[in-house]
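**Student:** For what it's worth, my numbering labels the leading residue of the sequence shown as 12, then goes sequentially.
Yeah, the Cβ is synthetic: ideal placement off N, Cα and C, and Gly gets one too.
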Amino acid sequence: MSSVLLLASAVIATAPQPAPVPSAPRAATVAAPRQDVPCADSCPADPAIAANAPAIAPVDPAQASHLASFGGFELSANAALATQYRYRGTNLSGERIAVQAGLDLDHSSGFYAGLWGSQINNSTTGYGNVELDIYAGYTFPLIEGVTADVGVIAYTFPDAPVGDLNFVELYSSLTATLGPASAKLGVAWDPGTNGFAFGGFVRDNLYVQGDVSVGIPRTALTLKGHLGYTDGTRRFATNNGAFDWSIGASYTVFGPVTASLEYVDNEADVLFAPTNPNSANVVGKISVNF
């Protein structure tokens with residue numbers, strides 16, 4: 012039974028979506044990214060917490076099953092269907108179901124690199140219909156039960172209709188784990204002046220996030236919560252900072268297959284637009300690691 016609890020908590024905890032942070036990207040991540048850098052959380056997106064992976068951020072490769080192992084390297088992959096792709100609380104896929112997938116290469120030394128992609132909605136973002144995140148970093152233990160993660164993630168939009176809309180973030184995080192519970196504090200910074208900026212408002216972007224998860228004893232269920240704050244251009248509304256948050260649960264259906272359900276919101280509502288990508292919604296996701 013302890014293996015079930017460890018598998019359930021691993022799906023959600025570890026930066027970063029990006030998912031894209033993801034993610035996020037180690038999503039943040041988000042996703043993503045490695046945010047949550049995917050994405051996602053993550054994710055990203057922060058990948059430090061796979062459950063925030065897009066829909067919020069990319070899946071943490073350290074917690075995925077492995078396709079192959081060779082010379083200290085481990086190759087893993089992940090795929091998902093999400094009712095929405097949420098990047099730091101913002102809906103980037105509109106009313107479409109988002110198809111997402113990632114490929115990760117980890118080394119026993121702690122270095123890692125990967126790719127993560129998701130469908131997005133050009134009518135919502137103006138960034139085309141595909142997001143592709145490329146990330147690399149290094150994770151290492153600080154003390155017993157505490158790990159650190161540092162890295163860089165590039166958010167790219169291969170079919171963007173106009174201009175160079177790609178941007179890069181530097182990210183880092185600390186994750187503390189005790190039994191089936193974990194808590195993470197992460198930060199991602201884009202020093203550039205591009206990104207989701209409107210009305211000519213351009214500057215760097217700072218994202219700070221906190222994530223918690225706890226596995227329920229004697230079950231395959233894990234509860235999770237997320238709080239993030241964006242200060243800069245990575246927003247769809249207002250020139251001020253904006254909070255985003257989520258609360259939900261993930262369930263290990265069998266083997267590498269996980270289902271999750273989250274309530275996601277972003278305070279920066281878009282009031283004078285056909286749709287509000289920051290409106291609150293319930294996001295469902297089915298993911299598989301292999």
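1) Looking at the secondary structure, which residues open and close the beta strand (DSSP E) in which residue 216 lies?
2) Nearest by alpha-carbon distance to residue 290: which of 78, 84 and 101 is it?
3) Quick one: give me the first and last residue of the alpha helix (DSSP H) that residue 134 is part of.
4) Do residue 112 and residue 128 come within 7 Å of each other at the CB atom, strictly closer than that value?
5) Here's a check: name, in chain order, each residue in its chain whose Cβ is nearer than 7 Å to the Cβ of residue 114, leaving out the five neighbours to either side.
6) Mapping the DSSP letters down to three states, classify residue 113 as helix, strand or coil.
7) Helix, strand or coil for residue 97 per DSSP?
8) Quick one, are the C-beta atoms of residue 287 and residue 255 less than 7 Å apart?
9) Going straight from the alpha carbon of residue 99 to that of residue 228, what length do you get?
10) Can you name the start and end residues of the beta strand (DSSP E) that residue 237 belongs to?
11) Could you pull the start and end residues of the beta strand (DSSP E) that residue 180 belongs to?
**Tutor:** According to the structure shown:
1) By one-based count along the sequence shown, residue 216 stands at place 205. Taken as a continuous stretch (DSSP letters only), the beta strand (DSSP E) holding residue 216 covers 216-226.
2) In the sequence shown, the residue the question calls residue 290 occupies position 279. Of the listed residues, the one whose Cα sits closest to residue 290 is 101.
3) Position 123 of the sequence shown, counting from 1, holds the residue named residue 134. 133-136 is the extent of the alpha helix (DSSP H) around residue 134.
4) Stepping through the sequence shown from its first residue, residue 128 is reached at position 117. Stepping through the sequence shown from its first residue, residue 112 is reached at position 101. Cβ distance < 7 Å, so residue 128 and residue 112 count as in contact.
5) Along the sequence shown, read from residue 1 onward, the residue named residue 114 stands at position 103. The answer, listed in chain order, is 88, 125 and 126.
6) Locating residue 113 in the sequence shown gives position 102, counting from the first residue. Three-state result, residue 113: strand.
7) The count along the sequence shown starts at 1 and reaches residue 97 at position 86. The answer is strand: DSSP assigns residue 97 an E or B state.
8) Position 276 of the sequence shown, counted from the start, is the residue given in the question as residue 287. Position 244 of the sequence shown, counted from the start, is the residue given in the question as residue 255. Cβ distance not < 7 Å, so residue 287 and residue 255 don't count as in contact.
9) In the sequence shown, residue 99 corresponds to position 88, counting from 1. In the sequence shown, residue 228 corresponds to position 217, counting from 1. Approximately 29 Å between the Cα atoms of the pair.
10) Your numbering for residue 237 matches position 226 in the sequence shown. First-last of the beta strand (DSSP E) with residue 237: 232-242.
11) Position 169 of the sequence shown, counting from 1, holds the residue named residue 180. 178-189 is the extent of the beta strand (DSSP E) around residue 180.
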